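Chemist: Those protein sequence lines, which keep their order, are chains R and H.
Residue numbering for the first sequence follows the working numbering, starting at 12 and increasing by one per position.
Residue numbering for the second sequence follows the working numbering, starting at 275 and increasing by one per position.
Virtual Cβ for every residue (Gly too), placed ideally from N, Cα, C.
Note that this is a predicted model, so its numbers are computed, not measured.
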Amino acid sequence: AQTVTQSQPEMSVQEAETVTLSCTYDTSESDYYLFWYKQPPSRQMILVIRQEAYKQQNATENRFSVNFQKAAKSFSLKISDSQLGDAAMYFCAYRSNNAGNMLTFGGGTRLMVKP
Amino acid sequence: DSGVTQTPKHLITATGQRVTLRCSPRSGDLSVYWYQQSLDQGLQFLIQYYNGEERAKGNILERFSAQQFPDLHSELNLSSLELGDSALYFCASGPSLSYEQYFGPGTRLTVT
């Protein structure tokens, strides 16, 4: 079974600065997807970014980018120009391309943004 | 707004009772997933349906069951409720098996 680990329970960043959230995963599969979801205080789960394992190029969505290291099974999220609205729980998730396609989540990282 | 709707938003019930949570996926989405978010267990996958058929099961208790109807909405039934079942239950949907999942706002269940 796949496991996802987020080793930073909490992180803080100054507004307008850059922060990186870490995620590692364990799998024996070669074809899979990785995601970062944001959960603000409203509890809504919002998809931030996704990465296909077969793509070497790191995904980017505006101020959000990932550093995907397949051999190291590492998938970190970089948030540039942090804004107050970025404060939330961030979950890293793994999805197999085999039967089921369910998401396996890490334990989450709480990001605080200081004005 | 993801386009996925869940009702009710909040539910308070007593131990031993049975409840039904409802999910309407985004228009055109065939896959529905149920997840449970609790303080103890984090976010866990429960069960998946694709076009009316059960596709995968996760850590779903035998007291829990689900189904997906012909109009593609899904219901999660929780019975013989225990205090530990108190959690946020999410439904997510996607257009096919190989696509990202979009989450509903969740149903917060409190068992007293």
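Got a sec: which bits of the stretch 58–73 of chain R sit with their beta carbon under 9 angstroms from any beta carbon on chain H, in order along the chain?
Modeler: So the close ones are Leu58 and Arg61.
Chemist: On the three-state DSSP scale, how would you describe Leu357(H)?
Modeler: Reduced to three states, the DSSP call for Leu357(H) is helix.
Chemist: Since Asp42(R) and Thr14(R) should fall inside the 8 angstroms C-beta cutoff, what is the C-beta to C-beta distance between them, to a whole number of angstroms?
Modeler: The Cβ separation is near 18 angstroms, so there is no contact.
Chemist: Which chain R residues sit within Cβ distance under 7 angstroms of Tyr307(H)?
Modeler: The answer, in chain order, is Met113.
Chemist: Glu327(H) lies in the beta strand (DSSP E); which residues open and close that run?
Modeler: It spans Glu327 to Lys331 - the beta strand (DSSP E) in which Glu327(H) sits, taken as one unbroken run.
Chemist: Use the C-beta contact count for Leu352(H): other C-beta atoms within 10 angstroms, 16 or more gives buried, fewer gives exposed.
Modeler: Leu352(H) should be labelled buried.
Chemist: Considering Lys89(R), what are the terminal residues of the beta strand (DSSP E) in which it resides?
Modeler: That run of the beta strand (DSSP E) goes Ser85 to Ile90.
Chemist: Does the Cβ-Cβ distance between Tyr101(R) and Thr120(R) come in under 8 angstroms?
Modeler: In this structure, Thr120(R) lies closer than 8 angstroms to Tyr101(R) by Cβ.
Chemist: Taking CB distances under 8 angstroms as the criterion, tell me whether Arg3(R) reaches chain H.
Modeler: Residue 3(R) is absent from the model: chain R starts at 12 and stops at 126.
Chemist: Out of curiosity, what's the CA-to-CA distance linking Val306(H) and Lys283(H)?
Modeler: Each residue's alpha carbon lies about 18 angstroms from the other.
Chemist: Return the residue from the list Gly302(H), Ala361(H), Val278(H) and Val293(H) that minimises the CA-CA distance to Ile11(R).
Modeler: As shown, chain R starts at 12 and ends at 126. That puts residue 11(R) outside it, with no answer to give.
Chemist: Using only CA atoms, which one of Glu356(H), His347(H) and Leu355(H) lies nearest to Gly368(H)?
Modeler: Checking every option, the nearest Cα to that of Gly368(H) belongs to His347(H).
Chemist: Of the choices Asn333(H), Val293(H) and Ala366(H), whose alpha-carbon is the least far from that of Pro379(H)?
Modeler: The shortest C-alpha separation from Pro379(H) is found at Ala366(H).
Chemist: Between the stretch 20–32 of chain R and the stretch 78–93 of chain R, are three or more C-beta pairs nearer than 8 angstroms?
Modeler: Contact holds: three or more Cβ-Cβ distances are below 8 angstroms.
Chemist: Give, in chain order, every residue of the stretch 85–110 of chain R whose Cβ lies closer than 9 angstroms to some Cβ of chain H.
Modeler: Answer in chain order: Phe102, Ala104, Arg106, Asn108 and Ala110.
Chemist: With 8 angstroms as the threshold, decide whether the Cβ of Phe75(R) is near any Cβ in chain H.
Modeler: Not one chain H Cβ lies under 8 angstroms of Phe75(R).
Chemist: Using a cut-off of 7 angstroms between C-beta atoms, extract the partners of Phe116(R) located in chain H.
Modeler: Those within 7 angstroms of Phe116(R) in chain H are Gly316 and Leu317.
Chemist: Taking 8 angstroms as the threshold (C-beta atoms), are Leu32(R) and Leu114(R) in contact?
Modeler: No, they are not a contact pair.
Chemist: Does Phe46(R) come within less than 8 angstroms of chain H when only Cβ atoms are used?
Modeler: With 8 angstroms as the cut-off, Phe46(R) counts as an interface residue toward chain H.
Chemist: Just confirm the distance between the C-beta atoms of Gln310(H) and Thr381(H), as a whole number of angstroms; I'd bet it's less than 8 angstroms.
Modeler: Wrong, their Cβ atoms sit about 10 angstroms apart, outside the cutoff.
Chemist: Would you verify that the beta carbon of Tyr376(H) is, or is not, closer than 8 angstroms to some beta carbon of chain R?
Modeler: Yes, Tyr376(H) counts as interfacial toward chain R.
Chemist: Examine chain R for any beta-carbon lying closer than 8 angstroms to the beta-carbon of Ala330(H), and answer yes or no.
Modeler: Answer yes: the Cβ-Cβ gap between Ala330(H) and chain R drops below 8 angstroms somewhere.
Chemist: Hey, is Gly277(H)'s beta-carbon within less than 8 angstroms of any beta-carbon in chain C?
Modeler: Of the protein chains in the structure, R and H, none is chain C.
Chemist: Taking the beta strand (DSSP E) that Ser93(R) belongs to, which residues open and close that run?
Modeler: No beta strand (DSSP E) contains Ser93(R), which DSSP labels as neither H nor E.
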